[in-house]
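>
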Ligand SMILES: [Zn+2]
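In the working numbering, the protein residues as written are 18 to 604.
(1) So is the beta-carbon of residue 79 under 7 Å away from any non-hydrogen atom of ligand 1?
(2) Span of the alpha helix (DSSP H) holding residue 421?
(3) When the Cβ atoms of the stretch 253-271 are set against those of the stretch 289-298, are three or more pairs found closer than 8 Å?
(4) Does the structure place the stretch 407-420 close enough to the stretch 362-376 that three or more beta carbon pairs sit under 8 Å?
(5) Between residue 219 and the rest of its own chain, which residues show a CB-CB distance below 7 Å, the 5 nearest in sequence each way excluded?
(6) To which residues of the same chain is residue 596 closer than 6 Å at the C-beta, ignoring the five residues directly before and after it?
(7) Applying the 10 Å Cβ sphere with the 16-neighbour rule, what's the burial state of residue 578?
(8) Is it true that the stretch 98-117 meets the stretch 237-246, where meeting means three or more beta-carbon pairs spaced less than 8 Å apart?
(9) Measuring only the C-alpha atoms, how far is residue 517 from residue 400?
(10) Just reading off the beta strand (DSSP E) that residue 348 is part of, what are its end residues?
(11) Do you know how far the Cα of residue 312 is from the Cα of residue 395?
(12) Which one or two residues does DSSP pair with residue 221 in a beta bridge?
(13) With DSSP as the reference, please indicate the residues paired to residue 175 in a beta bridge.
(14) Taking residue 249 as the reference, which of 226, 278, 287 and 200 has the closest Cα?
(15) Cutting at 6 Å between CB atoms, please list the residues of its own chain near residue 358, excluding the five before and the five after it.
(16) Can you find a C-beta in chain D that's less than 8 Å from the C-beta of residue 184?
(17) DSSP three-state call for residue 237: helix, strand or coil?
(18) What residue range does the alpha helix (DSSP H) around residue 142 cover?
(19) Taking all protein chains shown into account, decide if residue 165 is buried (16 or more other Cβ within 10 angstroms of its Cβ) or exposed.
(20) Here's a check: name, in chain order, each residue in its chain whose Cβ is nearer than 7 Å to the Cβ of residue 153, leaving out the five neighbours to either side.
(21) Between the stretch 550-563 and the stretch 473-480, are three or more C-beta pairs nearer than 8 Å?
(22) For ligand 1, any of its heavy atoms closer than 7 Å to the Cβ of residue 391?
(23) For the putative contact between residue 303 and residue 338, defined by C-beta atoms under 8 Å, what is the C-beta separation to the nearest angstrom?
(24) Can you give the beta carbon distance from residue 78 to residue 37, rounded, assuming they're within the 8 Å contact cut?
(25) Using 8 Å as the threshold, is the stretch 465-476 in touch with the stretch 426-445, meaning 3 or more CB pairs across them?
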């Protein structure tokens, strides 16, 4: 089977709604086969992202991204075509043909790197449960982390004997790949490689679809740094990855909430307390890409960082980024100065859940920060505190909400609301809102053409008998949508069916958008008012033929008039005779 045959097989056996539904929350529209949600590829508050179950494609009218299930997975996971196909095949338990040379080398390399990470994860786990893993097991025990949990998070151990490099070399892995995996380092002197991670408790880091793409390693000795992470590789972009997202997304969907913590152990601790929707931005400050991944699954975020100063600063920075992506934010500060993992261990899951529930909104947390920083007894200090809060308030995308928060803050900080609003207005002038891209979904089309296109889209079986007739219509080229009609009908005639993404790809961007808009908008005109699409189609064709005759007649009369004006009576007579003949044959 060629890769392209396999692509079709695969495409027929996966459901685009289910695949996309794993990444974003989709809402079914009425009784139709259409679904709508917030676009994962641009920032929006009202959904303009559509998925069509019948035709198996998606389209966003905000940023114009669209395509089939493969394009979606490639775009959202940052994968090449081959890897996207492999991912979909594996998820659906379909055997994948071996990589063929027709796949690009970059794609093949990424797949090989993923394989190396799977091997490494397995190796580290084996070491953890071997004699060499004793110190790591002792550490886990001391942290109160049982075997069940350790297995759930696939924890492992890297000893200091260079075992992983040997495993790879036994399997004949190329040197270049060893180096690129980030798992092995080239020796400064002499030949050969050694393990990057030595004597560390190993945390596999997964991408959203649950593939190991990197590791974090916690030292068990005095080595620095305490946590060592994989470097960036072709499969690991730190700024895009959230630790545990593949576990967390389902829970986040159910509760509408995501808990954001700092470290691996915190994720595991909170997960153990029964809160599955927990992620960490491991090894980096929170980025907007990571926040967008959260937003695809939940509207609310509870930030639960360490209570120390570094944690508070990180919370402050994270709030700004979360606000930019319009998420609702609460901040959980655990009593007793404990981090989430320690708090759960000390006080139990129930106490932790209560703390999460009663976490205040972010601006109350910020206001508390401000109050401890500035002298709240003086009017000047209170204004300073307000100025400290201003950037966060300005990040709120909604104007009414901004004003409400200003009022709220004024009373909280005991500042005159009027004075505060003045300050706010002054600074609001600088605020520049990113302009949304405007795409007009429905360019004006005459009703007749709209109905005709929708008939083709929704009843291709009926239309396929008329392809010749329509393509042969004299007035076809004069129609506004003739390019769409021609492409669709030619495809229908050649293949007996319509492949929506393939059709889209044949059209100019404007036509492709128009086609998707026609498909997405209300289809009442062809679905409900007419029980008989064939009769409706024939009516359309008659009207088209009639319009085309009218047009021709008009043109001819114009030519006759021009001939008369030129004084070319012979030509005028000839044209009039021709017109009469045409009339007669049409009757
Ligand atoms: Zn979009």
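Every residue gets a Cβ at the ideal spot worked out from N, C-alpha and C, and that includes glycine.
Once the coordinates are examined:
(1) Taking the chain shown and counting its residues from 1, one reaches residue 79 at position 62. True, at least one ligand heavy atom lies under 7 Å from that Cβ.
(2) Counted from its first residue, the chain shown places residue 421 at position 404. Per DSSP, residue 421 belongs to the alpha helix (DSSP H) from 416-430.
(3) By the Cβ rule, the stretch 253-271 counts as touching the stretch 289-298, because three or more pairs are nearer than 8 Å.
(4) Cβ pair count under 8 Å is below three, so no.
(5) The sequence position of residue 219 within the chain shown is 202, counting from 1. Apart from sequence neighbours up to five positions away, the residues of its chain that approach residue 219 with a beta-carbon distance below 7 Å are 141, 172, 173, 174, 175, 232 and 234, ordered along the chain.
(6) In the chain shown, counting from the first residue as 1, residue 596 sits at position 579. 573.
(7) For the purposes of this step, residue 578 is taken as the residue at position 561 of the chain shown. Exposed, because fewer than 16 other Cβ atoms sit within 10 Å of the Cβ of residue 578.
(8) Contact between the stretch 98-117 and the stretch 237-246 is absent, because fewer than three Cβ pairs lie under 8 Å.
(9) Translated into positions along the chain shown, residue 517 becomes position 500. Translated into positions along the chain shown, residue 400 becomes position 383. One C-alpha to the other measures close to 58 Å.
(10) The count along the chain shown starts at 1 and reaches residue 348 at position 331. 345-348 is the span of the beta strand (DSSP E), which, as asked, contains residue 348.
(11) The count along the chain shown starts at 1 and reaches residue 395 at position 378. The count along the chain shown starts at 1 and reaches residue 312 at position 295. Approximately 40 Å between the Cα atoms of the pair.
(12) Taking the first residue of the chain shown as 1, we reach residue 221 at position 204. Answer is 232.
(13) In the chain shown, counting from the first residue as 1, residue 175 sits at position 158. Beta-bridge pairing links residue 175 to 217.
(14) In the chain shown, residue 249 corresponds to position 232, counting from 1. The shortest Cα separation from residue 249 among 226, 278, 287 and 200 belongs to 200.
(15) The residue given as residue 358 occupies position 341 in the chain shown. Its chain contains 282, 283 and 286 as the residues whose beta carbon lies nearer than 6 Å to that of residue 358, once the 5 sequence neighbours on both sides are disregarded; these appear in chain order.
(16) Looking for chain D here will not work: only one protein chain is present.
(17) On the chain shown, position 220 is the one that residue 237 refers to. It is coil, neither helix nor strand.
(18) Translated into the one-based positions of the chain shown, residue 142 becomes position 125. Element bounds for residue 142: 122-145.
(19) On the chain shown, residue 165 is found 148 positions in, with the first residue counted as 1. Classification for residue 165: exposed.
(20) Stepping through the chain shown from its first residue, residue 153 is reached at position 136. Excluding sequence neighbours, residue 153 sits near 145, 174, 218 and 237.
(21) Yes: the two stretches touch, three or more of their Cβ pairs being nearer than 8 Å.
(22) Along the chain shown, read from residue 1 onward, the residue named residue 391 stands at position 374. It does not: the Cβ of residue 391 is nowhere closer than 7 Å to a heavy atom of ligand 1.
(23) Residue 303 sits at position 286 when you count from the first residue of the chain shown. Residue 338 sits at position 321 when you count from the first residue of the chain shown. The C-beta distance from residue 303 to residue 338 rounds to 5 Å, short enough to fall under 8 Å.
(24) One-based indexing of the chain shown puts residue 78 at position 61. One-based indexing of the chain shown puts residue 37 at position 20. The pair is not a contact, with the Cβ atoms about 16 Å apart (cut-off 8 Å).
(25) The stretch 465-476 is not in contact with the stretch 426-445.
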